[in-house]
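Student:
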Amino acid sequence: MLTVEEALVRVLAHVPASRTERVALSEAHGRILAEDVVAAGDLPPWPASAMDGFAVLAADVPGDLRVIETVAAGGSPRFVVTSGAATRIMTGAPVPIGADAVVMVEDSEAVGDDLVRLQGFATPGQHIRAQGSEVARGTLVLTRGRTLGAGAIGLLAAVGVAEVAVAARPRVGILSTGDELVEPGAPLGPGQIHSSNGYALAALVRDAGGIPVDLGSVRDDPAAIAAGFRAALRCDVVVSTGGVSVGDYDHVKGVLADLGIAMDFWRVAMKPGKPLAYGVIDGTPIFGLPGNPVSCMVNFYQFVRPVLRTMLGDPAPFLPVVQAELVGHTRRRPGRPEFVRVRLFRDGDVVRAEIAGYQGSAGVLSMADGHGFALVPGDAAEIGGVVAVQVFDPTFGASAEPGYRW
Ligand code: AMP
Ligand code: MG
37 MLTVEEALVR VLAHVPASRT ERVALSEAHG RILAEDVVAA GDLPPWPASA MDGFAVLAAD
97 VPGDLRVIET VAAGGSPRFV VTSGAATRIM TGAPVPIGAD AVVMVEDSEA VGDDLVRLQG
157 FATPGQHIRA QGSEVARGTL VLTRGRTLGA GAIGLLAAVG VAEVAVAARP RVGILSTGDE
217 LVEPGAPLGP GQIHSSNGYA LAALVRDAGG IPVDLGSVRD DPAAIAAGFR AALRCDVVVS
277 TGGVSVGDYD HVKGVLADLG IAMDFWRVAM KPGKPLAYGV IDGTPIFGLP GNPVSCMVNF
337 YQFVRPVLRT MLGDPAPFLP VVQAELVGHT RRRPGRPEFV RVRLFRDGDV VRAEIAGYQG
397 SAGVLSMADG HGFALVPGDA AEIGGVVAVQ VFDPTFGASA EPGYRW
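Numbered per the numbering used here, the sequence shown finishes at 442, counting up by one with no gaps.
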């Protein structure tokens with residue numbers, strides 16, 4: 037029996053080489069940078085006014101000054117500001133040469149044609165965003181491996197980057213197996229269930245940054261399974277569900293062996309979980325996940341997702357972990373380490389975890405309700421106290437109320 041860590045080490049030893057592609061900035065959201073980005077110019081590119089007001093020599097304030105011109109955003113000053121002169125300036129307009137401060141319009145008063153009275157005091161540099169003060173040319177602004185969120189996209193655009201190299205999204209073939217499966221929407225015949233794993237896996241692949249290639253469900257028939265795997269092998273990674281438990285285990289194993297794919301059928305010490313079938317052919321990892329919906333998703337999170345994130349160049353390919361205080365205690369029979377689905381909520385400064393309903397390996401509700409997996413060691417005699425929780429739904433703690441109370 038392998039530990040989860042041992043199985044993970046083996047899986048991570050065969051991560052396919054990742055490809056990169058250049059995409060327009062408008063297509064880059066959510067992608068992972070495959071290059072370091074250095075600012076090609078200064079930001080701001082010239083000294084810019086941070087206020088609507090008057091560009092002056094600080095030493096001239098307070099005083100009455102002659103207004104020599106007006107510069108709006110997008111314009112450019114024609115005159116140098118000298119002592120006794122002021123240029124009326126708008127937010128985002130270039131500060132004229134000679135001026136070393138901007139006095140805001142609220143501190144001014146027109147006292148005649150082209151004459152302005154400025155009150156208070158001015159310090160050199162006030163309300164001026166100096167050239168390169170936010171980002172100096174040549175600065176490393178974003179590093180390789182960085183996921184491009186809204187802030188990063190805005191920064192790239194601000195420094196003039198129009199396209200970026202990102203990791204290509206891995207194509208993940210998804211094959212469901214089972215005679216009992218029918219598509220959601222179709223009526224159920226005797227002994228039939230709606231196939232859910234393919235849909236959940238497609239969503240998991242997308243969440244992980246991959247492209248799901250749904251190859252549908254095939255019956256428990258060697259020819260159909262072989263055809264399904266043959267189609268799936270055109271992808272970068274293959275994930276199948278069902279047919280790897282003891283009952284039909286040899287069936288899938290035989291089909292894959294006929295295709296020249298040597299699979300390992302690992303018994304991983306984890307709950308929920310069944311044997312995890314794993315093999316590599318021509319550099320393509322193949323994961324045979326259990327058919328039980330929760331086992332299928334837990335296995336995906338533990339083994340497939342880190343492979344996909346590593347392919348994408350994510351320096352942190354594992355789920356984030358938070359420490360949480362479990363609400364209540366549950367006695368348990370020690371056994372395999374367990375991924376207990378929990379709901380998380382914030383209670384003041386602490387995060388609390390509450391067991392998310394029925395914990396059987398077919399308990400789909402626990403995956404929909406839960407925010408994370410509480411990691412319970414195999415030798416624990418009870419579940420309680422502070423637990424480490426792998427977070428798969430980061431929306432926990434979101435509130436129906438605005439969070440501020442000034
Ligand atoms: P298996 O791993 O094929 O032995 O299946 C184990 C359990 O998971 C059985 O109850 C199957 O009916 C169920 N199962 C298998 N595939 C799926 C699927 N695609 N969607 C939902 N349940 C499934
Ligand atoms: Mg089956």
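Here a beta-carbon is modelled for each residue, glycine too, at the ideal position from N, C-alpha and C.
Predicted model, so just to flag it, every value in this text is computed and none were measured.
Put L184 into one of helix, strand or coil per three-state DSSP.
Tutor: Of the three classes helix, strand and coil, the one that applies to L184 here is coil, per DSSP.
Student: If the criterion is Cβ atoms closer than 8 Å, does the pair V179 and A75 meet it?
Tutor: Per the sequence presented here, residue 179 reads as Thr, with Val not at that position. Cβ atoms of T179 and A75: not closer than 8 Å.
Student: Cutting at 6 Å between CB atoms, please list the residues of its own chain near R58, excluding the five before and the five after it.
Tutor: Excluding sequence neighbours, R58 sits near E199, A201.
Student: Please find out if some non-hydrogen atom of the ligand AMP comes closer than 7 Å to the beta-carbon of V358.
Tutor: No - the ligand AMP has no heavy atom lying nearer than 7 Å to the Cβ of V358.
Student: Bridge partners of G315, per DSSP?
Tutor: In the DSSP output, where bridge partners are listed per residue, G315 has I322.
Student: Return yes when the C-beta of G327 is under 7 Å from any heavy atom of the ligand AMP, and no when it is not.
Tutor: Because some heavy atom of the ligand AMP lies under 7 Å away, the Cβ of G327 counts as near it: yes.
Student: Flag T213 as yes when its Cβ comes closer than 7 Å to any non-hydrogen atom of the ligand MG, and as no otherwise.
Tutor: T213 Cβ: within cutoff of the ligand MG.
Student: Relative to the ligand AMP, is the shortest distance from any of its heavy atoms to the C-beta of T277 smaller than 7 Å?
Tutor: Yes, the ligand AMP has a heavy atom inside 7 Å of this Cβ.
Student: Taking 7 Å as the limit between beta carbons, can you name the residues of its chain near R114, skipping five residues before and five after?
Tutor: Around R114: E105.
Student: Span of the alpha helix (DSSP H) holding V330?
Tutor: From DSSP, the alpha helix (DSSP H) with V330 extends over 329-335.
Student: Consider the C-beta atom of D385 and the heavy atoms of the ligand MG; say whether any pair is separated by less than 7 Å.
Tutor: No, Cβ of D385 sits at least 7 Å from all heavy atoms of the ligand MG.
Student: What's the gap between the Cα of L355 and the Cα of G439?
Tutor: Straight-line Cα distance between these residues: approximately 25 Å.
Student: Using the C-alpha atoms, what's the distance from A166 back to R124?
Tutor: Taking the straight line joining both Cα atoms gives about 18 Å.
Student: Tell me whether K289 sits in a helix, a strand or coil according to DSSP, three-state version.
Tutor: Here K289 sits in helix by DSSP.
Student: Whole angstroms is fine: what's the gap from V400's alpha carbon to H50's?
Tutor: Cα to Cα, V400 sits roughly 30 Å from H50.
Student: Are the beta-carbon atoms of A43 and F336 separated by less than 8 Å?
Tutor: Contact flag unset, no.
Student: Residue range of the beta strand (DSSP E) that A122 falls in?
Tutor: Where A122 is concerned, the enclosing beta strand (DSSP E) stretches over 121-125.
Student: Which parts of the stretch 68-111 are runs of the beta strand (DSSP E), unbroken and 3 residues or longer, counting only runs that do not cross its ends?
Tutor: Fully enclosed beta strand (DSSP E) runs of 3 or longer: 89-92, 99-107.
Student: Using the three-state DSSP reduction, which class does A203 fall into: helix, strand or coil?
Tutor: In this structure, A203 counts as strand in the three-state DSSP scheme.
Student: Check for me: the beta strand (DSSP E) holding E418 runs from which residue to which?
Tutor: Run containing E418: 418-427, per the beta strand (DSSP E) assignment.
Student: Using the rule of at least 16 other Cβ atoms within 10 Å of the residue's Cβ for burial, across every protein chain shown, is V376 buried or exposed?
Tutor: Buried, by the Cβ-count rule.
Student: Going by alpha carbons, who is nearest to I297 out of D143, T320, S281, G279?
Tutor: The shortest C-alpha separation from I297 is found at T320.
Student: Looking only at C-alpha atoms, which of G414, R367, I419, P413 sits nearest to A389?
Tutor: Checking every option, the nearest Cα to that of A389 belongs to I419.
Student: Where does M140 sit, in a helix, a strand or coil, going by DSSP?
Tutor: Strand at M140.
Student: Measure the CB-CB distance between G209 and V254 and report whether it falls below 8 Å.
Tutor: Going by C-beta atoms, G209 is not nearer than 8 Å to V254.
Student: Does the beta carbon of D257 fall short of 7 Å from some heavy atom of the ligand MG?
Tutor: Checking every heavy atom of the ligand MG against the Cβ of D257, none is found closer than 7 Å.
Student: What do you reckon, is the C-beta of G290 under 7 Å from a heavy atom of the ligand AMP?
Tutor: No, Cβ of G290 sits at least 7 Å from all heavy atoms of the ligand AMP.
Student: Going along the chain, which residues of its own chain have a beta-carbon closer than 6 Å to the beta-carbon of V422, five neighbours each way excluded?
Tutor: Cβ neighbours of V422 beyond the five flanking positions: Q359, E361.
Student: Is it true that the stretch 179-193 meets the stretch 66-81, where meeting means three or more beta-carbon pairs spaced less than 8 Å apart?
Tutor: These segments touch.
Student: Note down the Cα distance separating T346 from V97, rounded to an integer number of angstroms.
Tutor: Going by the C-alpha atoms only, they are around 59 Å apart.
Student: So what does DSSP say about S212, is it helix, strand or coil?
Tutor: Correct three-state label for S212: strand.
Student: How about N233: is its Cβ closer than 7 Å to a heavy atom in the ligand ZN?
Tutor: Among the ligands present in this structure, namely the ligand AMP and the ligand MG, the ligand ZN is not found.
Student: For a test of the three-state rule: what should DSSP assign to S253, helix, strand or coil?
Tutor: Here S253 sits in strand by DSSP.
Student: Going by DSSP, what residue range makes up the alpha helix (DSSP H) through E42?
Tutor: It spans 40-48 - the alpha helix (DSSP H) in which E42 sits, taken as one unbroken run.
Student: What do you reckon, are the CB atoms on M306 and V40 nearer than 8 Å?
Tutor: The answer is yes: Cβ separation under 8 Å.
Student: Just list the residues that DSSP pairs H164 with in beta bridges.
Tutor: Note that residue 164 is Ile in the sequence shown here, rather than His. Bridge partners of I164: S85.
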